[in-house]
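In the working numbering, the protein residues as written are 1 to 317. First up is the structure itself, then whatever we jot down about it.
Okay, structure coming up:
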């Protein structure tokens, strides 16, 4: 058969039939025979390095921000509920927290300083309120003369040993108050750690984690952009690029990636691509659009001069 005749067959249904047979053959091959774990690992690492070395990361980050800026300030970005369900399931699980770990988390200068400030302000506000109540209890109809006498008495009292004792008592009270606050902080931390790790509170903690997630998801675009602009797009891109670059160069990550790919291959075993498609529910539905597309690509390929030259050499041999 000469070349012209072969090319005529390709222009007919023969090429479509060939593509169909090729796809059937590939679908029946075990997945492990078509994928080399070393090659896949290198491609993943190459992609990470390419992203960090080029401008793609910056472009990607700016595209996300541009999409957010197209929304109205009060609008809330929408996330598909199907994507959130796995996260919600993890957050709502009643995890068992170790009391010692909780205590170590709480024993931090930041927590202690915030608790000190809250307790100090609360006690001082209470003391001020009591003082104002005591002062307001003085009869309002006392004569000015008597009031002047009272003021003179107070000044005189301060200059006496009794006045010194009063000032000493006030200082002692302030000292005791600060001492009580310090002890209260530590006891509060211990109590909080105990409550966090208590089995009876695990379900409530799961509900609280879901509450925190819902609050973040309900943040309006204006608030998100305010934080992003405050942090800086360039800084975000730089940190993300640095992280991906170090991740790609990390030996532990590379070893873990290799192990994960090998375990995936072992999990698939002798499964073929066809069986995986059937398990996923796709079956043969994809072929309706995909196979004609491949046929068109193949039809264009057989019309190239390179293919015709190869075919001529093949026929002559």
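Note that the Cβ used here is the ideal one computed from N, Cα and C, for glycine as well. Owing to the predicted nature of the structure, the values given are computational and were not obtained by experimental measurement.
Boundaries of the alpha helix (DSSP H) in which residue i is found, first to last residue
{"i": "residue 50", "result": "37-53"}
{"i": "residue 285", "result": "Note, residue 285: premise wrong, no alpha helix (DSSP H); not H, not E."}
{"i": "residue 306", "result": "305-316"}
{"i": "residue 231", "result": "221-231"}
{"i": "residue 57", "result": "56-69"}
{"i": "residue 203", "result": "202-217"}
{"i": "residue 105", "result": "99-106"}
{"i": "residue 5", "result": "3-11"}
{"i": "residue 81", "result": "81-92"}
Whole-Å CB distance - residue i paired with residue j, under 8 Å assumed
{"i": "residue 272", "j": "residue 28", "result": "5 Å"}
{"i": "residue 115", "j": "residue 185", "result": "5 Å"}
Residues bridged to residue i [DSSP beta-bridge criterion]
{"i": "residue 30", "result": "272"}
Proximity of residue i and residue j at Cβ, strictly below 9 Å
{"i": "residue 245", "j": "residue 52", "result": "yes"}
{"i": "residue 265", "j": "residue 101", "result": "no"}
{"i": "residue 217", "j": "residue 76", "result": "yes"}
{"i": "residue 15", "j": "residue 298", "result": "yes"}
{"i": "residue 120", "j": "residue 178", "result": "yes"}
{"i": "residue 3", "j": "residue 311", "result": "yes"}
{"i": "residue 126", "j": "residue 202", "result": "no"}
{"i": "residue 221", "j": "residue 84", "result": "no"}
{"i": "residue 23", "j": "residue 291", "result": "yes"}
Proximity winner among the options, relative to residue i (alpha-carbon distances)
{"i": "residue 103", "options": "254, 66 and 188", "result": "188"}
{"i": "residue 262", "options": "278, 56 and 40", "result": "40"}
{"i": "residue 46", "options": "286, 252, 309 and 248", "result": "248"}
{"i": "residue 12", "options": "242, 307 and 296", "result": "296"}
{"i": "residue 43", "options": "24, 284 and 257", "result": "257"}
{"i": "residue 87", "options": "210, 126, 284 and 99", "result": "210"}
{"i": "residue 21", "options": "309, 314, 315 and 294", "result": "294"}
{"i": "residue 240", "options": "60, 292 and 89", "result": "60"}
{"i": "residue 108", "options": "132, 193, 68 and 133", "result": "193"}
{"i": "residue 57", "options": "196, 195, 235 and 9", "result": "235"}
{"i": "residue 182", "options": "268, 231, 123 and 228", "result": "123"}
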